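A.B. asks: I'd like to ask you about the structure that follows.
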Amino acid sequence: MQSILRHILFPAPYPPFPISDSDKDKVFWLPTNKNSSPVPCMLFSPETGSPVKYFFIWCHGNGGDMGSMSYTVKTISQELQAHALMFEYPTYGLLSNAEVSPSQESINDHAERAYLFVRDTLKWPTDRIILYGHSIGSGPACHLASREPVGALILQSPYTSIKQLIENKVGSLSNCMNIPFWNNEKIMETIACPVLFMHGERDHLVPAEQSQTLCKALKHNQKKVELSPDDDHNSISDSFISQKVKDFLNHYFKEPTEPLPDVKIDSQWREIPPNMRSSPSFRLLPFLINASVNLSRGGPRISGSRRPDDQQ
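Note that full-length UniProt numbering gives residue 155 to position 155 of the sequence shown, counting from 1, and the numbers run on in steps of one.
See the structure below:
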């Protein structure tokens with residue numbers, strides 16, 4: 001039963017979305033030790049414009065991977081003049097053959113390591129770290145926000161709890177399942193940073209009312225809910241996201257009083273870790289990193305996924 005539940009909650013795209021040639025230099029691997037598994041990431045930084053003021057840590061949804069979400073994360077980075085780091089989940093994308101299964105524990109671990117890398121290695125101040133969680137990614141984002149100091153939390157199409165979602169879909173059958181996954185509503189009570197909720201009013205997978213419930217569960221007033229009347233779970237546009245996030249950050253943040261650090265990824269972190277080279281996943285890396293995005297049209301749209309001929 002748990003195996004079936006895991007497959008329902010974590011439907012990693014297969015084959016994984018390729019990472020385009022233009023983005024392959026954005027890929028790096030979090031530093032590891034003998035007790036930790038490799039975690040691939042992508043880091044986007046604005047090319048030109050005003051000084052960078054924020055650092056986003058992006059927790060993507062369950063129907064996509066880094067390849068499918070790169071367009072949106074890159075767009076947000078450029079529009080908001082922010083660094084944006086996206087990390088991968090076990091069995092997704094470059095980790096499609098990972099031995100570790102996706103779970104609350106394993107995904108939270110990847111999120112924590114991404115946060116520590118930004119804070120301790122890149123030396124980015126915590127009050128300028130913005131956590132972004134989309135759909136299933138709202139779980140690890142809320143987990144981080146409840147444990148670590150951050151500047152703000154942005155949630156797109158979040159759920160109150162995985163248990164509640166499953167109960168809504170299968171009713172009493174959920175009583176037969178042990179559901180040890182995120183409970184965002186409970187965690188809200190311990191989150192102290194400003195929180196922005198964005199939700200499509202036509203979302204039938206996770207109803208927009210769940211954002212309202214989460215907002216009410218917060219113990220402070222630094223919060224806002226933005227609803228998009230014509231959008232569903234995955235169709236909220238990048239332009240809507242950019243504008244609402246920009247307005248929210250402008251409201252709660254002042255200009256930095258001290259220079260923020262330059263962000264550079266050392267060449268050693270771009271090297272594929274030795275323990276990945278002996279893994280079956282390594283055989284996929286040349287294809288996933290070097291292949292151009294040349295996907296046929298059709299199928300449900302994943303928020304953030306774009307093809308070269310898509311029009312904004």
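C-beta: ideal position from N, C-alpha, C; glycine also.
Because the structure is a prediction, the values reported are computed rather than measured.
Indicate the three-state DSSP secondary structure (helix, strand or coil) for Phe-252 in the structure shown.
C.D. replies: What sits at residue 252 in the sequence shown is Tyr, not Phe. Tyr-252 falls in the helix class under three-state DSSP.
A.B. asks: Restricting to Cα atoms, I'd like to know which of Gly-133, Leu-94, Pro-259 is closest to Pro-51.
C.D. replies: Ranking Gly-133, Leu-94, Pro-259 by Cα distance to Pro-51 puts Pro-259 first.
A.B. asks: Compare the C-alpha of Leu-264 against each of Pro-46, Ala-111, Gly-93, Phe-10 and name the closest.
C.D. replies: The sequence given here has Lys at residue 264, not Leu. Ranking the options by Cα distance to Lys-264, first place goes to Pro-46.
A.B. asks: Please list, in chain order, all residues of the same chain as residue 386 whose beta carbon is under 7 angstroms from its beta carbon, the five residues on each side excluded.
C.D. replies: No statement about residue 386 is possible, as the shown extent of the chain runs from 1 to 312 and does not include it.
A.B. asks: From Thr-213 to Thr-160, what distance separates their C-alpha atoms?
C.D. replies: Taking the straight line joining both Cα atoms gives about 7 angstroms.
A.B. asks: Alpha carbon to alpha carbon, how far is Gly-67 from Asn-290? Give it in angstroms, no decimals.
C.D. replies: The predicted model places Asn-290 with a pLDDT of 48, which falls under 50 and marks its position as unreliable; any figure quoted below should be read in that light. Rounded to whole angstroms, Asn-290 to Gly-67 spans 11 angstroms at the Cα level.
A.B. asks: Decide if Cys-142 is buried, meaning its Cβ has at least 16 other Cβ atoms within 10 Å, or exposed.
C.D. replies: Cys-142 should be labelled buried.
A.B. asks: If you follow the alpha helix (DSSP H) that Glu-185 is part of, which residue opens it and which one closes it?
C.D. replies: Taken as a continuous stretch (DSSP letters only), the alpha helix (DSSP H) holding Glu-185 covers 184-187.
A.B. asks: To the nearest angstrom, how far is the alpha carbon of Thr-190 from that of Glu-99?
C.D. replies: Distance between the alpha carbons of Thr-190 and Glu-99: 33 angstroms.
A.B. asks: So is Leu-116 buried or exposed if we call it buried at 16+ other beta carbons inside 10 Å?
C.D. replies: Classification of Leu-116: exposed, given that the 10 Å Cβ count is below 16.
A.B. asks: Ignore the nearest five residues each way along the sequence and tell me which others in Ile-187's own chain have a CB closer than 6 angstroms to its CB.
C.D. replies: Counting only Cβ-Cβ distances below 6 angstroms, and skipping sequence neighbours, we find Cys-142, Ser-146.
A.B. asks: Whose C-alpha, out of Pro-11, Phe-28, Lys-53, Ser-22, is nearest the C-alpha of Asp-262?
C.D. replies: The residue with the shortest Cα to Cα distance from Asp-262 is Lys-53.
A.B. asks: For Ala-114, report the span of its alpha helix (DSSP H) as first-last.
C.D. replies: That run of the alpha helix (DSSP H) goes 104-116.
A.B. asks: Work out the CA separation of Tyr-132 and Phe-181 for me, nearest whole Å.
C.D. replies: Distance between the alpha carbons of Phe-181 and Tyr-132 is about 18 angstroms.
A.B. asks: Starting from the C-beta of Glu-79, find all residues in its chain whose C-beta is less than 6 angstroms away, skip the five residues before and the five after it, and write them out in chain order.
C.D. replies: The answer, listed in chain order, is Ser-242.
A.B. asks: For Glu-88, count neighbouring C-beta atoms within 10 Å of its own C-beta (all shown protein chains included) and say buried if the count is 16 or more, exposed if not.
C.D. replies: Its Cβ being crowded by 16 or more others within 10 Å, Glu-88 is buried.
A.B. asks: So what does DSSP say about Val-195, is it helix, strand or coil?
C.D. replies: Val-195 falls in the strand class under three-state DSSP.
A.B. asks: Span of the beta strand (DSSP E) holding Tyr-54?
C.D. replies: 54-59 is the extent of the beta strand (DSSP E) around Tyr-54.
A.B. asks: Report the option in Trp-29, Arg-6, Asp-231, Asp-232 whose CA atom is closest to the CA atom of Leu-95.
C.D. replies: Per the Cα distances, Trp-29.
A.B. asks: From what residue to what residue does the beta strand (DSSP E) around Glu-226 run?
C.D. replies: It spans 223-228 - the beta strand (DSSP E) in which Glu-226 sits, taken as one unbroken run.
A.B. asks: If you measure between the beta carbons of Ser-20 and Phe-44, is that distance less than 8 angstroms?
C.D. replies: Not a contact, by the Cβ cut-off of 8 angstroms.
A.B. asks: Per the DSSP calculation, Gly-133 is bridged to which residue(s)?
C.D. replies: In DSSP, Gly-133 forms a bridge with Cys-59, Leu-155.
A.B. asks: Tell me the residue span of the beta strand (DSSP E) that contains Leu-85.
C.D. replies: Note, Leu-85: beta strand (DSSP E), 82-87.
A.B. asks: Using the beta-carbon count (16 or more within 10 Å), is Asp-266 buried or exposed?
C.D. replies: Exposed, because fewer than 16 other Cβ atoms sit within 10 Å of the Cβ of Asp-266.
A.B. asks: In this structure, does DSSP put Ser-211 in helix, strand or coil?
C.D. replies: Helix.
A.B. asks: Three or more C-beta pairs closer than 8 angstroms, one from the stretch 119-130 and one from the stretch 102-110: is that the case here?
C.D. replies: Too few Cβ pairs lie closer than 8 angstroms, so no.
A.B. asks: Ala-152 and Leu-218 look like a contact to me (Cβ under 8 angstroms); what is the Cβ gap, rounded to whole Å?
C.D. replies: In fact, because the Cβ distance is near 12 angstroms, the residues do not count as touching under 8 angstroms.
A.B. asks: Between the beta-carbon of Arg-6 and the beta-carbon of Pro-102, is there less than 8 angstroms?
C.D. replies: It is a contact, given that the beta carbons lie within the stated cut-off.
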